[in-house]
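The structure appears below as structure tokens.
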Amino acid sequence: MSGFDWIVPVILTVITAATPLVFAGIGELVTEKSGVLNLGVEGMMLVGAVSGFITALVTGNYFLAVCAAAFAGAVMAFLFGVLTLSLMANQVATGLALTLFGVGLSALMGQEFVGEPISALNKLNIAGLSDLPFIGPILFAQDALVYLSFAMVAIVSWFLYKTKAGLVLRAVGDSHDAAHSIGYPVIAIRYLAVMFGGAMSGIGGAYLSLAYTPMWAENMTAGRGWIALALIVFATWKPGLVLVGAYMFGGITILQLHAQAAGLNVPSQVLSMLPYLATIIVLVLISKDESRIRKHAPACIGKIFHPAA
Amino acid sequence: MLLKIEKRAEYSKSMVYLTPIIALVLTVLTSIVLFESLGVNPIEALYQFFIAPLDTQYEFSELFVKATPLILCAIGLSVGFRANVWNIGAEGQLTMGAIVGSSLFIYFPETDSVFLLPAMIIMGALGGAAWAAIPAFFKTRFNANEILTSLMLVYVALLLLSLLIHGPWRDPAGFNFPESQTFSESADMPILISGTRMHFGTLLALFAVFGAWIMMARTLIGFQIKVIGEAPRAGGYAGFSQKKIIWFTLLFAGALSGIAGLSEVSGPIDQVVPSISPGYGFTAIIVAFLGRLHPVGIFFAGLLMALTYLGGETAQINLGLPVAVTGVFQGMVLFFLLACDVLVHYRFRLNIARKATS
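Protein chains in written order, with this note's numbering: chain A, 249 to 557; chain B, 330 to 687.
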């Protein structure tokens with residue numbers, strides 16, 4: 249067994265690297281399913297990360313920190329909603345604006361806190377089970393957010409495909425005019441979907457600043473918000489595949505970190521490029537099949553809804 | 330609802346010009362609240378941001394130094410945005426332009442020829458264009474979203490720059506700092522006004538403004554870009570190739586961003602360093618929109634955003650405000666602009682009739 253001692257720590261780090269992507273990806277999935285493309289994930293994650301971090305530092309209460317992050321993300325998403333849903337602004341441009349604004353805002357909020365250390369989010373300890381060899385530390389000794397991320401995937405999956413509300417949400421995303429004429433409140437539903445996406449992005453960001461690297465640094469998301477957006481295309485808008493994709497990207501991130509630590513004879517910068525290059529390659533491979541994308545993508549994504557009457 | 334949003338029969342021309350101004354006024358009003366909450370006298374802060382940086386001739390020239398890369402990148406991006414090609418990787422294209430352009434000097438530092446700088450500029454344009462060709466190829470050949478691919482390539486380009494500057498490009502006589510040797514005179518951008526840092530790149534930016542203006546207003550490709558952007562189907566019936574437009578707009582933006590990058594390293598920076606741009610490529614997105622995707626508008630928007638960079642520095646020195654205020658400010662401008670744009674195509678009506686009947 250001793251030759252395989254490295255497996256457990258590697259899997260553990262993959263989980264921490266994947267969790268922010270799971271949150272951001274599953275949130276944005278719901279947003280996109282309602283027919284809205286919010287490119288501001290990166291900005292919402294950053295504001296979530298800094299809000300969660302400051303709350304944790306000041307109060308020491310991590311539950312409150314996660315709530316603050318979710319709230320901050322949702323507020324950012326609400327701003328996006330006001331612009332794109334109420335004022336009918338272009339979603340692509342507004343999403344970019346949200347990211348640019350989030351980068352600046354988070355830097356401003358966090359400037360006094362750069363480099364201040366906090367202790368990482370507690371790992372749960374499930375009596376008896378956590379001590380099991382191999383599966384114990386992996387399955388039964390994670391922090392609460394990891395379990396929450398899995399729960400969210402299950403809940404979103406159930407909600408979208410097994411509940412009436414989920415059906416309505418998908419209908420709004422596929423044909424807002426039809427949904428509107430049956431009498432569903434298209435704009436209100438989209439507001440909720442967008443804000444859910446924001447809250448999840450906020451938590452995803454907070455996972456970075458509370459657990460992955462328990463500190464705040466400007467731009468600490470390093471493109472993960474964009475990777476989360478790519479994940480949804482990769483997953484062809486299916487919740488389960490978002491999870492798979494997030495762990496794949498988490499795996500690549502960790503692989504390159506371990507390769508750097510192992511002193512592999514490749515410059516660290518080349519290894520750091522891997523997650524970004526992998527994103528591009530995956531996008532290309534998935535998008536190649538245009539009909540498959542068209543079949544799964546919400547038909548109204550990115551389109552502005554203005555009730556004619 | 331008391332207010333009702335109604336679609337205008339035709340878009341409002343006056344609003345096209347008015348909304349950037351309304352957006353700026355709203356940004357200034359909001360930033361007064363922001364400064365107040367940061368414990369700074371808002372009047373003083375606004376003075377430091379917008380007036381103080383223009384005090385002297387030197388500082389005035391700095392405005393053009395900062396505006397040059399913004400305008401170059403934004404002109405390129407705007408042409409793509411017109412055609413609904415969402416290239417957001419100008420920062421990466423700028424970086425590649427700087428790398429490829431300066432490689433000539435790095436590998437042939439002894440060259441003392443009047444052709445060195447022109448060759449570097451051309452190489453810079455090619456480097457940026459090559460980097461933008463990657464999303465163009467993936468988009469046209471594999472239908473891969475150019476927003477995501479161009480953005481991912483920003484990170485790759487920045488890492489490549491870091492790789493070079495921490496490795497083979499490091500100045501052997503530079504005490505191990507991650508910097509290249511400083512550029513020789515023949516690799517430097519000529520200074521336009523002595524005593525300032527205003528350089529030849531500014532002329533290139535002006536040239537780009539006029540060139541793009543003529544291209545969009547007077548040439549077939551400009552017409553095709555506008556048609557594909559506003560009515561893709563009509564463009565299709567007219568036989569315009571969407572793929573050609575994707576290629577053209579990306580290569581065009583890449584080349585201009587590449588020139589912007591090169592003119593930074595052989596202009597104000599004068600050597601290759603790990604961080605060439607404080608996010609000019611991203612701010613250029615704001616500049617493009619604030620300038621209404623029109624070359625002349627972009628020129629003024631570029632100067633204005635340049636002012637926020639200078640103002641941010643002045644406010645940091647004189648008031649101790651964090652530099653990040655600049656980013657918040659820039660983000661807010663774009664936010665308010667997009668919000669106000671509703672007025673171009675829609676109008677607000679008081680919903681009085683409905684109230685009376687109920």
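By construction, the Cβ of each residue, glycine as well, lies at the ideal position given by its N, Cα and C atoms.
Small disclaimer: the values here were computed from a predicted structure and weren't measured.
Residue i versus residue j - alpha carbon distance
{"i": "THR359(B)", "j": "ALA325(A)", "result": "19 Å"}
{"i": "VAL401(A)", "j": "ALA483(A)", "result": "13 Å"}
{"i": "ILE615(B)", "j": "PHE349(A)", "result": "11 Å"}
{"i": "GLY488(A)", "j": "ALA318(A)", "result": "22 Å"}
{"i": "MET443(A)", "j": "GLY321(A)", "result": "8 Å"}
{"i": "ALA613(B)", "j": "GLN390(A)", "result": "43 Å"}
{"i": "PRO497(B)", "j": "GLY503(B)", "result": "13 Å"}
{"i": "ALA426(A)", "j": "ASN370(A)", "result": "48 Å"}
{"i": "LYS551(A)", "j": "ASN286(A)", "result": "12 Å"}
{"i": "VAL532(A)", "j": "GLY376(A)", "result": "46 Å"}
{"i": "ALA392(A)", "j": "GLY450(A)", "result": "16 Å"}
{"i": "PHE629(B)", "j": "ILE372(B)", "result": "24 Å"}
{"i": "ALA476(A)", "j": "LEU490(B)", "result": "25 Å"}
{"i": "VAL434(A)", "j": "LYS336(B)", "result": "18 Å"}
{"i": "THR347(A)", "j": "GLY288(A)", "result": "5 Å"}
{"i": "VAL514(A)", "j": "ALA470(A)", "result": "21 Å"}
{"i": "LEU477(B)", "j": "LEU479(A)", "result": "11 Å"}
{"i": "VAL556(B)", "j": "LEU446(B)", "result": "37 Å"}
{"i": "GLY457(B)", "j": "PHE611(B)", "result": "15 Å"}
{"i": "GLU466(A)", "j": "VAL351(A)", "result": "8 Å"}
Any C-beta of chain B under 8 Å from that of residue i
{"i": "PRO515(A)", "result": "yes"}
{"i": "PRO268(A)", "result": "no"}
{"i": "GLN359(A)", "result": "yes"}
{"i": "MET521(A)", "result": "yes"}
{"i": "THR264(A)", "result": "no"}
{"i": "ALA341(A)", "result": "yes"}
{"i": "VAL490(A)", "result": "no"}
{"i": "ILE528(A)", "result": "yes"}
{"i": "CYS548(A)", "result": "no"}
{"i": "LEU369(A)", "result": "no"}
{"i": "ALA600(A)", "result": "Nothing about residue 600(A) can be read from this structure; chain A reaches only from 249 to 557."}
{"i": "GLU538(A)", "result": "yes"}
Residue i - partner residues in DSSP beta bridges
{"i": "ILE520(B)", "result": "HIS528(B)"}
{"i": "ASP391(A)", "result": "LYS371(A)"}
{"i": "LEU332(B)", "result": "LEU679(B)"}
Contact set between residue i and chain B, taken where Cβ atoms lie within less than 7 Å
{"i": "TYR524(A)", "result": "MET481, TYR484, VAL485"}
{"i": "LEU344(A)", "result": "ILE417, ILE614"}
Partners in chain A for residue i, counting only beta-carbon separations shorter than 9 Å
{"i": "GLN659(B)", "result": "LEU348, PHE349, GLY352"}
{"i": "TYR675(B)", "result": "LEU335, MET336, HIS554"}
{"i": "ASN474(B)", "result": "LEU477, ALA478, VAL481, LEU531, SER535"}
{"i": "VAL689(B)", "result": "In the structure as shown, chain B begins at 330 and stops at 687. Residue 689(B) is therefore absent and cannot be evaluated."}
{"i": "LYS572(B)", "result": "The premise fails here: LYS572(B) is roughly 13 Å from chain A at the closest Cβ pair, so nothing lies under 9 Å."}
{"i": "PHE467(B)", "result": "ILE528, LEU531, VAL532, SER535"}
Chain A within 8 Å of residue i, Cβ atoms only
{"i": "LYS692(B)", "result": "Summary: the structure shown does not reach residue 692(B), with chain B confined to residues 330 through 687, and so no result is reported for it."}
{"i": "ILE450(B)", "result": "no"}
{"i": "THR478(B)", "result": "yes"}
{"i": "PHE471(B)", "result": "yes"}
{"i": "PRO371(B)", "result": "no"}
{"i": "TRP415(B)", "result": "yes"}
{"i": "LYS395(B)", "result": "no"}
{"i": "LYS342(B)", "result": "no"}
{"i": "LEU423(B)", "result": "no"}
{"i": "PRO438(B)", "result": "no"}
{"i": "LYS555(B)", "result": "no"}
{"i": "PHE512(B)", "result": "no"}
{"i": "GLU379(B)", "result": "Sequence inspection shows Phe at residue 379(B); the Glu mentioned does not correspond to that position. Answer no: the Cβ-Cβ gap between PHE379(B) and chain A never drops below 8 Å."}
Residues that residue i contacts on chain A, provided the C-beta gap is smaller than 7 Å
{"i": "VAL654(B)", "result": "LEU356"}
Per-residue contacts from residue i into chain A (C-beta, under 8 Å)
{"i": "GLY496(B)", "result": "PRO515"}
{"i": "LEU492(B)", "result": "PRO515, GLN517, VAL518"}
Test: residue i CB closer than 8 Å to a CB of chain E
{"i": "ILE615(B)", "result": "Absent here is chain E; the protein component of the structure consists of chains A and B."}
Chain B residues whose Cβ lies nearer than 8 Å to that of residue i
{"i": "TRP474(A)", "result": "LEU477, LEU480, MET481"}
{"i": "LEU331(A)", "result": "PHE664, LEU667, ALA668"}
{"i": "LEU287(A)", "result": "ILE476"}
Residue i CB to nearest heavy atom of the ligand COA below 7 Å
{"i": "LEU383(B)", "result": "As for the ligand COA, it is missing from this structure, which has no ligand bound."}
Partners in chain B for residue i, counting only beta-carbon separations shorter than 9 Å
{"i": "GLY471(A)", "result": "LEU480, MET481, VAL483, TYR484"}
Count Cβ pairs between the stretch 390 to 399 of chain B and the stretch 518 to 538 of chain B that sit closer than 8 Å; are there 3 or more?
These segments touch.
Using a Cβ distance threshold of 8 Å, determine whether the stretch 404 to 412 of chain B contacts the stretch 575 to 584 of chain B, with at least three qualifying pairs required.
Yes: at least three Cβ pairs fall under 8 Å.
Closer than 8 Å is the cut-off here; do at least three beta carbon pairs connect the stretch 626 to 646 of chain B with the stretch 561 to 574 of chain B?
Segments in contact, no.
Kindly confirm or deny that the stretch 418 to 434 of chain B and the stretch 629 to 638 of chain B touch, where touching means at least three C-beta pairs closer than 8 Å.
When C-beta atoms of the stretch 418 to 434 of chain B are compared with those of the stretch 629 to 638 of chain B, fewer than three pairs fall below 8 Å, so the two segments do not count as touching.
Indicate whether the contact test is met: 3 or more Cβ pairs, each with one atom in the stretch 348 to 368 of chain B and one in the stretch 656 to 676 of chain B, closer than 8 Å.
Yes, they touch.
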